[in-house]
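Residue numbers (UniProt numbering): 1 to 157.
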């Protein structure tokens, strides 16, 4: 098949490599064609001592990372002394009279250490975040999105 050989040699003769990769910069692990072409960057498998992570020794008494670093906040933990019917009644009042959703109502109850009376008294003191957007909010967002695209920082303004 002389036609294919000619095409292959012509292909290589135009400054393209034969498909082998070589490290262009051993310190960052990027691989590129031998010709140095920047328009195609293929990253190969990185094997060897240069590409190993440096892991510090484990220190059992270290307090560098704690549970507080996870960013999570407990908003509800079941309490076994609350009767289910009382809990359901509390949630219904929080939803119907004050506009809370279930998660917000349970968070308030948890904040008051599962004391339903204190939680009910404190419900009117806060304005809960709405679960759903109003029609006006939806229209405003759609207009801003059509004007600004995915630039959410501008949409927020």
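Beta carbons are placed, not taken as given, at the ideal position from N, Cα and C, and that holds for glycine.
On a Cα-Cα basis, can you pick out the residue from the options that is closest to residue i?
i           : options              : result
residue 73  : 79, 110, 125 and 150 : 110
residue 168 : 43, 124 and 156      : The question about residue 168 has no answer, for the chain in this structure spans 1 to 157.
Give the C-beta separation of residue i and residue j to the nearest angstrom, bearing in mind that I take them to be a contact with Cβ-Cβ under 8 angstroms.
i          : j           : result
residue 82 : residue 112 : Not quite, the Cβ-Cβ distance comes to about 12 angstroms (not below 8 angstroms), so this is no contact.
Could you check where the alpha helix (DSSP H) with residue i kicks off and where it finishes?
i           : result
residue 154 : 152–156
residue 90  : 84–98
residue 49  : No alpha helix (DSSP H) contains residue 49, which DSSP labels as neither H nor E.
Measuring CB to CB, does residue i end up less than 9 angstroms from residue j?
i           : j           : result
residue 119 : residue 144 : no
residue 75  : residue 106 : yes
residue 100 : residue 116 : no
residue 104 : residue 78  : no
Would the beta-carbon of residue i be found less than 8 angstroms away from any heavy atom of the ligand NAD?
i           : result
residue 129 : Looking at this structure, you won't find the ligand NAD or any other ligand, since it has none at all.
Under 9 angstroms between C-beta atoms, does residue i make it to chain D?
i           : result
residue 144 : Included in the structure is just one protein chain, with no chain D present.
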